Amino acid sequence: AISATGLLLIAIGTGGIKPCVAAFGGEQFHLPDQKDLLIHFFSIFYFTINLGGFVGMILTPIMRKWVSCFGDDTCYALGFGFPAMLMLLSILLFVMGKRYYKLKIPKQNVLVEFMSCATKLSHWLDHAEGDFSQKLIKDMKVVCSMLLLYTPLPIFWSLFDQQGSRWTFQASHMNGNVLGTQIVPDQMQVINPGLVLILIPIFDRVFYPCFAKFHLMQNSLHRMAIGGIIAGLAFFSAGILELVLETTYTHLPNKNYAAINVINTLPCDLRITNPFNGEQKLGSTKIYKFNDILAHNSTAYTLVVEAPLQCRHIKFQQHKFSLQVVCLELQVDTVVIGINSQNKVVGYLTDPIDFQKSISGAPRVRIAYIKGADNLHNVTVSLRGTSGMQDVYYVDSKPKTHLATSAYMELPQGIYECIISSKENRHLYEKSFHLGLGGVYSLIIRESDTGIEVNNIPPENIQGVKTFSCQTNPSNLIPNRNSSSFKFVKLFTLSSPNSVNILWLIPQYFLISVAEIMFGIAGLEFSFTQAPKCMKTVAIAGWYLSVAVGNFLVIIITQLNLFRSQAYEFFLFAVLIVADMMLFMEMASNYKFAQLEIDSSTLIADEKVLLIDHDSDCDYRKDYGER
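Note that the UniProt record's numbering has the sequence shown beginning at 1, numbered continuously upward.
Structural data, given as structure tokens:
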């Protein structure tokens with residue numbers, strides 16, 4: 001409830017301030033004498049917006065990480081409190097400069113007049129004559145023609161605002177290692193405001209003057225159209241990159257399908273009789289994945305697992321069993337084959353596997369621990385990183401099925417020591433392994449029932465699921481007579497670590513930044529210069545309304561889930577924006593630009609300050625008196 005209240009207050013505050021800020025800044029210029037300065041103002045205005053975003057994106061994570069509060073290692077509250085204090089300071093500075101501002105105070109609420117006139121129409125604006133002034137009707141016609149031009153614009157904003165969602169998710173599937181420094185996916189969002197800060201002066205002072213010599217992009221509508229097409233190129237680039245990334249993704253079930261992983265922890269080969277391919281051989285310490293299993297809602301399948309009577313020097317009391325697996329649509333189940341205390345071959349069904357990479361890009365690892373007959377108590381599995389990071393899993397002493405499974409843990413990438421301890425012995429077992437950025441892992445541990453030593457398991461890549469062993473680190477291994485308490489310790493890679501470097505995102509960020517400069521600045525300039533003197537805030541409010549509609553469109557399109565491939569969705573957005581800009585250019589070709597209205601305010605020579613108390617030009621009642 002508190003979060004919802006905060007979001008509501010942000011929406012109210014943003015909706016109130018955004019249309020007024022740009023209009024207020026534009027009103028400080030004396031037109032048409034200062035027309036060129038007005039155009040530069042919108043570039044500077046947009047520059048300051050992105051400067052604030054750029055600084056905030058850098059400082060907020062740093063403060064959150066290095067400052068602790070309320071007993072926590074981090075301070076998320078500071079990430080909200082610090083901007084709030086800066087906002088209060090900015091309001092104070094703004095109020096202190098009031099005497100230097102040119103103030104226009106309308107005699108009535110223009111937005112209310114606008115809505116009153118619009119809602120009273122029986123057909124169109126001319127039918128409001130008699131009830132409303134001619135000037136109000138004339139100005140509304142101009143604003144309505146502008147709002148009509150804004151109707152294709154939400155498509156652009158639906159693309160632009162995906163930087164914080166779709167593109168960040170894309171970055172979480174990429175390798176952020178750049179010259180030994182680790183870049184996390186969220187940090188890539190800094191690129192956009194950073195590039196905008198660099199490119200605004202270049203466009204303002206170099207590109208636009210050069211284009212003007214060839215009579216190109218001389219008005220704001222042309223710039224907006226070109227900017228929209230460049231946004232399409234950005235999403236085409238994102239789609240190409242996503243196609244490359246998809247080659248590194250783990251195969252997941254499609255709709256109406258499921259999958260089953262079978263892991264063999266025994267030192268001998270197994271034979272699995274199944275309804276999918278008839279019979280499948282599964283080698284010792286191997287994994288096999290049955291893909292694309294039909295599963296309409298839920299479907300039960302029976303697997304018959306058979307081991308040889310003599311498995312090395314283990315003689316099974318029961319070497320064959322059957323297991324029913326209920327497959328749910330889109331789900332991946334895992335069966336771990338082991339041995340129980342009666343020397344019977346058994347299978348344990350773990351919780352469904354989650355192949356999803358973390359949003360932060362950090363590795364995710366889950367521990368599956370199979371208890372034996374050694375009667376170990378209070379077993380803990382510690383994953384200790386070289387950076388000092390440590391996560392501990394406390395094994396359930398009495399799991400219902402002799403299988404205890406941890407939740408997925410997100411850890412920083414790097415080398416980790418796997419230390420297994422118990423109440424009876426501090427260090428039962430220790431090995432080291434590497435967790436790669438973006439990888440999803442499952443660490444399978446099985447206690448020994450027969451005193452067999454830990455298997456020496458070589459790296460492998462079977463059926464699209466990579467595995468590698470926890471290689472022994474001789475310098476760190478602590479000798480212990482109970483080290484044979486575990487006969488199987490192996491790390492399986494369910495989703496491969498990210499391999500495509502995160503810097504390949506820069507081309508699409510560069511293109512979307514260029515598009516933002518051409519589209520966003522030109523749009524604000526058009527909204528202010530073309531709107532009637534008394535309705536500039538209304539026109540700019542319509543401009544920002546297109547941004548909100550764009551966000552709403554993103555929600556609709558993504559919820560439709562039209563494509564399984566994210567790349568195809570990116571291509572869809574690219575085609576949509578190009579078609580949308582073609583429509584926009586056709587509409588813009590019929591638009592007649594209005595001349596800038598002469599500013600009736602005067603310049604006070606002594607103080608060089610433009611002052612006005614009430615704007616009589618905005619009195620829409622004077623033609624017919626008070627209603």
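Using N, Cα and C, we set each Cβ at its ideal position, and we do this for glycine too.
This one's a predicted model, so the numbers in the text were calculated from it and none came from an experiment.
- Rounded to whole angstroms, what's the CA-CA distance from Ser298 to Phe433? Just pull it up for me. Ser298 and Phe433: Cα-Cα distance of roughly 37 Å.
- Message: Using only the alpha-carbon positions, how far apart do Val440 and Ser495 sit?
- Response: Between the C-alpha atoms of Val440 and Ser495 there is a straight-line separation of about 5 Å.
- Kindly identify the DSSP beta-bridge partner or partners of Cys311. According to DSSP, which records beta bridges pairwise, Cys311 is partnered with Ile314.
- Where does Leu610 sit, in a helix, a strand or coil, going by DSSP? The predicted model places Leu610 with a pLDDT of 46, which falls under 50 and marks its position as unreliable; any figure quoted below should be read in that light. For Leu610, the three-state secondary structure derived from DSSP is strand.
- Asn340, DSSP secondary structure in three states: Asn340 carries a coil assignment under DSSP once its states are collapsed to helix, strand and coil.
- Between the beta-carbon of Trp543 and the beta-carbon of Tyr150, is there less than 8 Å? Cβ atoms of Trp543 and Tyr150: closer than 8 Å.
- Gly79: first and last residue of the uninterrupted alpha helix (DSSP H) it sits in: Counting along the chain, the alpha helix (DSSP H) containing Gly79 begins and ends at Tyr76 to Met96.
- Could you pull out every residue in the same chain whose Cβ sits closer than 8 Å to the Cβ of Phe207, ignoring the five residues on either side in sequence? Sequence-distant Cβ neighbours of Phe207 in its own chain, meaning closer than 8 Å and more than five residues away, do not exist here.
- Message: If you reduce the DSSP assignment to three classes, tell me which class Glu410 lands in.
- Response: Look at Glu410 here: in three-state DSSP terms it is strand.
- Message: Three Cβ pairs or more, each shorter than 8 Å: is that satisfied between the segment 514-522 and the segment 220-233?
- Response: These segments touch.
- Which whole runs of the beta strand (DSSP E) in the segment 241-293 are 3 residues long or more, in chain order? Counting only runs of 3 or more, we get 257-264, 270-274 and 278-282.
- Message: Quick check: residue 637 and Phe510, are their CB atoms within less than 8 Å of each other?
- Response: Residue 637 lies beyond the range of the chain shown here (1 to 627); nothing can be said about it.
- Item | Any chain C beta carbon closer than 8 Å to Val95 | No chain C appears in this structure, which consists of one protein chain only.
- Helix, strand or coil: which one does DSSP assign to Tyr393? DSSP places Tyr393 in the strand class (E or B) of the three-state scheme.
- Message: Please report the straight-line C-alpha distance between Asp139 and Met535, rounded to a whole angstrom.
- Response: Looking at the two C-alpha atoms, the distance is approximately 7 Å.
- When the Cα atoms are used, what is the spatial distance from Asn177 to Asp33? Near 53 Å, if we compare the C-alpha coordinates of Asp33 and Asn177.
- Task: State whether the segment 55-65 contacts the segment 199-215, with contact taken as three or more CB pairs (one from each stretch) at a distance under 8 Å.
- Result: No: fewer than three Cβ pairs fall under 8 Å.
- On the three-pair Cβ rule with 8 Å, is the segment 556-563 touching the segment 244-259? In this structure the segment 556-563 does not touch the segment 244-259; the number of beta carbon pairs closer than 8 Å is below three.
- Message: Taking 6 Å as the limit between beta carbons, can you name the residues of its chain near residue 681, skipping five residues before and five after?
- Response: The first residue shown for the chain is 1 and the last is 627, placing residue 681 beyond what the model contains.
- Give me the Cβ distance between Phe355 and Thr250, rounded to the nearest whole Å; I'm assuming they're in contact under 8 Å. The Cβ separation is near 5 Å, so the contact holds.
- Taking Ser165 as the reference, give the member of Val578, Ser360, Val365 and Ala594 with the closest Cα. Of the listed residues, the one whose Cα sits closest to Ser165 is Ser360.
- Task: List in chain order: all unbroken alpha helix (DSSP H) runs of 4+ residues lying wholly within the segment 130-185.
- Result: For the segment 130-185, whole alpha helix (DSSP H) runs of length 4 or above, ordered along the chain, are 134-150, 154-160 and 166-171.
- Query: With DSSP run on the structure shown, which of helix, strand or coil describes Arg223?
  - Reply: Under the three-state reduction of DSSP output, Arg223 falls in the helix class.
- At what residue ranges does the segment 502-565 contain a whole run of the alpha helix (DSSP H), taking only runs of 4 or more? Secondary structure remark: continuous alpha helix (DSSP H) runs of at least 4 residues inside the segment 502-565, in chain order: 506-516, 522-530 and 536-560.
- Ignore the nearest five residues each way along the sequence and tell me which others in Gln28's own chain have a CB closer than 6 Å to its CB. The beta carbon of Gln28 is closer than 6 Å to those of Lys102 in its chain, skipping five residues each way along the sequence.
- Task: Would you kindly work out how many angstroms separate the C-alpha atoms of Val305 and Lys423, rounded to a whole number?
- Result: Across the structure, Val305 and Lys423 are spaced so that their CA atoms are roughly 35 Å apart.
- Task: State yes or no: is the C-beta of Leu266 within less than 8 Å of the C-beta of Gly338?
- Result: Contact annotation: Leu266 and Gly338 have beta-carbon atoms nearer than 8 Å.
- Message: Quick check: what's the CA-CA separation for residue 628 versus Tyr568?
- Response: The requested residue 628 is not part of the displayed model; the chain covers only 1 to 627.
- Message: Can you give me the C-alpha to C-alpha distance between Pro193 and Ile226, rounded to a whole angstrom?
- Response: Here the C-alpha atom of Pro193 lies approximately 20 Å from the C-alpha atom of Ile226.
- Item | Secondary structure of Lys423, DSSP reduced to three states | Coil.
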